[in-house]
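Working notes, structure below.
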Amino acid sequence: MAPRLQLEKAAWRWAETVRPEEVSQEHIETAYRIWLEPCIRGVCRRNCRGNPNCLVGIGEHIWLGEIDENSFHSIDDPNCERRRKNSFVGLTNLGATCYVNTFLQVWFLNLELRQALYLCPSTCSDYTKGDGIRGGKDYEPQTICEHLQYLFALLQNSNRRYIDPSGFVKALGLDTGQQQDAQEFSKLFMSLLEDTLSKQKNPDVRNVVQQQFCGEYAYVTVCNQCGRESKLVSKFYELELNIQGHKQLTDCISEFLKEERLEGDNRYFCENCQSKQNATRKIRLLSLPCTLNLQLMRFVFDRQTGHKKKLNAYIGFSESLDMEPYVEHKGGSFVYELSAVLIHRGVSAYSGHYIAHVKDPQSGEWYKFNDEDIEKMEGKKLQLGIEEDLAEPSKSQTRKPKCSKGTHCSRNAYMLVYRLQTQEKNHTKVQVPAFLQELVDRDNSKFEEWCVEMAEMRKQSVDKGKAKHEEVKELYQRLPAGAEPYEFVSLEWLQKWLDESTPTKPIDNNACLCSHDKLHPDKISVMKRISEYAADIFYSRYGGGPRLTVKALCKDCVVERCRVLRLKNQLNEDYKTVNNLLKATMKGSDGFWVGKSSLRSWRQLALEQLDEQDGEAEQSNGKINGSPFNKDESKEEKKEEEEELNFNEDILCPHGELSISENERRLVSQEAWRKLQQYFPKAPEFPSYKECCSQCKILEREGEENEALHKMIANEQKTSLPNLFQDKNRPCLSNWPEDTDALYIVSHFFLDEWRKFVRKPARSTPVSSIGNAALLCPHGGLMFTFPSLTKEDSKLIALIWPSEWQMIQKLFVVDKVIKITRIEVGDVNPSQTQYISEPNLCPDCREGLLCQQQRDLREYTQATIYVHKVVDNKKVMKDSAPELNVSSSETEEDKEEAKPDGEKDPDFNQSNGSTKRQKTSQQGYVAYQKQAIRRSTRHRKVRGEKALLVSANQTLKELKIQIMHAFSVAPFDQNLSIDGKILNDDCATLGTLGVIPESVILLKADEPIADYAAMDDVMQVCMPEEGFKGTGLLGH
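Take a look at the structure:
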């Protein structure tokens, strides 16, 4: 099928030879493309939007073949959420809680710890009856032990593939969106658990943490002089091993226990010798726990950057570890076997992902615990501690050392858990207490109900899809209309009918109607012609309307379109004809007045008007169904365009008559006017004998008289007040003139308006009064002090000599007289001078004004500040990362416009009436200030300066992050100052720090960070690291 534009031209080609009044039914059907050949499936690859008979490629392909049942629904098989046989249960990652999940799985597989927690008595008697659990209330654990009990019971006997640990995490007060130090979490939680269990009466419960995880070592110091041995015994729950410079775990243990010499400044004070002596110090392992936790110190403090970093060196470790060589007392068995490897994936200390490789103590098989996903590790997958790094190129990875059988190497393992080897394998199964099992059964019942519900929803979707499948297969074959009766339906609705993902809505044809409530010919590209049989079924099943039958073909629209097309075709010829007629000399005085501006642009106006009429309803690119056409908006837009484009309206006066300005029009012949009228039938018509507007003539005459009067008034005022007009010989309050003791005040706004009138009296209105009330408060008091009038408020007033004031009172009406008088106080020292204002200052209103000004400076939103980067106290330009939140000065000028009248101020909501009036006056004064000041005092952005959009309630820390993006300077390298004041309180807001709009902040950067690829680290580092502060781990 030909492209859409070719189909469009072919549908209207007949209009070149057929006049509008000769349009027949055959022409109408051709315009609506009724008899275009329908497309054939397989030949036409996509839908032809210009052919209403093309019903190919509208979404039917997914229905006409065999369809998989799974395509009828978007519901996953609920059995995928079911726990697999002989597998473990996972834990949901709540955001950044993978470090918690790994430890929970390791502790769960410690059978002794699990058994002890099950023996811990529960205090949840509110949820129990004599015959079981109350059905109306969900179980909510109250203590950490109860949370662990319930979690372990679910991990043991739940039917779910994974469970939600949010109750446990919430009880600890952990931030689910912030990743914490896993090793610190392990230490703090073990301490919390031991403290909690220490209150239990059962010794097996009370001492389980110490029995499982607690060992003893001694710090031993030996004096080299007398041989005296000093010993400090201490408990440990894990050994923290330095891995820098080591390749094997045994080397790390040896370094931990190695002897240290105390010499020189570091000598040891021996109590036996009573003096400082050279000595040796080392750690001796006195006893080891059943479960030996070895913390590999991968996260260390970097002295150069001042922040943590991760060591990604490979460390080798064996599945069997003999600790006998390292223990002081050799009696007993000290052979340990590996039971868990905790892993951190990622190269950064501030991001990454935690997983665990844990050995099942009963089967001896290894499993990979990755939040919700549990995977058995066997064969080639049994590589303990080996996980693919996140966000690190493979080229930068160090080659993995070769490992012998029974040993492993890892660059991501941060904790190794060893269990004391015993002769007997542990085959005892830990039994879940009846109370907990009842809770688990209840949760399993809910899960089974959910599975049944999901399966039923899947079945309903499949049944519905099958019914739809049969409907489509039946109806699609009957869609083509052929020569039988037909109707039009939108292509968009047909596509939605064939779209299985969205429910079918009623048919809505309103958006494709013309002004005659019929089908617009321009909408035919988004409509499809279907059989009346198919249309009857659609409307009976889905409803909607209006129905577009053969009677919906609009003859009026086709005739109008024919007229427009013919005019467009003959426009060039008519343009030449009109030009020749305009050049020819007119015979006689009969003709028509036409605006010169309209004559200059009539061709362009005609073309735009014809294009507008030709594509009046070209909204076919928009939605039809679900987006009804807004006729009101269209009428408003059309009205605005008509006001701009109407021909010959440039010679209309405001009263709708012929304008009196002859320079703006010319006379054209009747023949030229008739040609123009074909394109502009609604244009105003003014024959040559038409008189000009009588009202405009009267106004013109009055205007000439007023202009003469204005010039006379301006000349008189200029002569009377020459120095005030020319701004010469003006008094100054800071340097009071000696020859007078009194000065008068008028507003600077009056002075500007008066000077404007005197300069151009014909274009301005005379100034007849002086409104000094704007400078006073509602009580009639002055709003300014004498010092402020000499400084910041001086730009709001103009000072008047007494002689000038006498003349001003004759020329203008003054509402309020404002006078400043100088008085000498005392006879001895004439330098004591006082200045008194009439009226007097109103202290309350003055204070309120100052408070309002300060509040305005500290309660801004989206204001502009400027940041200069300095090196050696010199401002320099720095080409760096693209600016964020940078605005141009034009944008900021728009943003700083005064608020519209009537906008509410929260301070108005006061009960005191006088206070409310006072605030209103201050607001009016502030508005007056903005109106009176004409010269811009805005900061001009210079080369190399960055403009940032900020708000008063924004913290300094957030501003530093903006600066980091703008200058590529990390927050901890930024030294900020404003007006010599150092800004260093990251938690303070910009308002409290005195940063106001248009402020200039100086940025001095320390040595820049080298690796901007680790910008994620920078973002984390710039936030204060609070660790577990405020959580339940530090509350005991």
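Residue numbers (our numbering): 1000 to 2035. Note that beta-carbon positions come from the ideal geometry of N, C-alpha and C, so glycine has one too. Remember, it's a predicted structure, so these values are computed and weren't measured experimentally.
| Query | Result |
| --- | --- |
| Beta-bridge partners of Q1973, as assigned by DSSP | A2004 |
| Length of the line joining the Cα atoms of N1839 and L1750 | 23 Å |
| Residue of L1006, I1057 and R1044 minimising C-alpha distance to I1033 | L1006 |
| Coil, strand or helix - S1524 by DSSP | helix |
| As assigned by DSSP and simplified to three states, the class of I1373 | strand |
| Whole-angstrom C-beta distance between C1841 and L2065, which should lie under 8 Å | This structure leaves residue 2065 out entirely; the chain is present only between 1000 and 2035. |
| N1714, enclosing alpha helix (DSSP H) - first and last residue | S1693 to S1719 |
| Contained alpha helix (DSSP H) runs [length at least 4] in the segment 1115-1195, N- to C-terminal order | 1143-1156 and 1165-1171 |
| L1651 vs P1683 beta-carbon contact at 8 Å | yes |
| Stretch pair the segment 1743-1757 + the segment 1787-1807: three plus CB contacts closer than 8 Å | yes |
| Residues bridged to R1040 [DSSP beta-bridge criterion] | C1043 |
| Exposure of F1300, with buried meaning 16 or more beta-carbon neighbours within 10 Å | exposed |
| Cα-Cα separation between L1708 and P1721, rounded to whole angstroms | 20 Å |
| Cα-Cα separation between E1703 and T1784, rounded to whole angstroms | 47 Å |
| Alpha-carbon spacing of R1082 relative to N1508, whole angstroms | 52 Å |
| Beta-ladder partner(s) of Q1294, from DSSP | E1239 and M1414 |
| Nearest-angstrom Cβ-Cβ length linking T1290 and F1212, presumed shorter than 8 Å | 5 Å |
| Complete alpha helix (DSSP H) runs within the segment 1779-1858 (minimum length 4 residues, chain order) | 1785-1789, 1801-1810 and 1842-1857 |
| Residues that DSSP places opposite K1307 in a beta bridge | F1300 |
| Coarse secondary structure for C1053, derived from DSSP in three states | coil |
| E1486, DSSP secondary structure in three states | strand |
| Contact check, C1556 vs C1513, beta carbons under 8 Å | yes |
| Sub-8 Å separation of L1598 and L1570 beta-carbons | no |
| Counted within 10 angstroms of its Cβ, other Cβ atoms place H1654 as buried (16 or more) or exposed | exposed |
| R988 - containing alpha helix (DSSP H), residue span | Because the chain here runs from 1000 to 2035, residue 988 falls outside it and cannot be looked at. |
| Pair within 8 Å by beta-carbon distance, L1490 and L1518 | no |
| Rounded separation between T2030 and E1944 - CA only | 43 Å |
| Beta carbon of F1811 nearer than 8 Å to that of S1763 | no |
| Limits of the alpha helix (DSSP H) - the one that A1030 falls within | Q1024 to A1030 |
| Other residues of its chain near A1010: CB distance less than 7 Å, five sequence neighbours each side excluded | T1029, A1030 and R1032 |
| Burial state of G1594, where buried means 16 or more other Cβ atoms lie within 10 Å | buried |
| Residue from N1443, H1060, K1582 and T1427 with nearest C-alpha to R1113 | T1427 |
| At least three beta-carbon pairs within less than 8 Å, the segment 1083-1100 to the segment 1175-1182 | yes |
| Pick from K1755, P1760, D1814 and P1765 that is closest to A1772, judged by C-alpha positions | D1814 |
| Proximal residues to K1309 (C-beta, below 7 Å), its chain only, five neighbours per side dropped | R1297, F1298, V1346, S1347 and A1348 |
| Pick from N1156, G1770 and L1788 that is closest to S1746, judged by C-alpha positions | G1770 |
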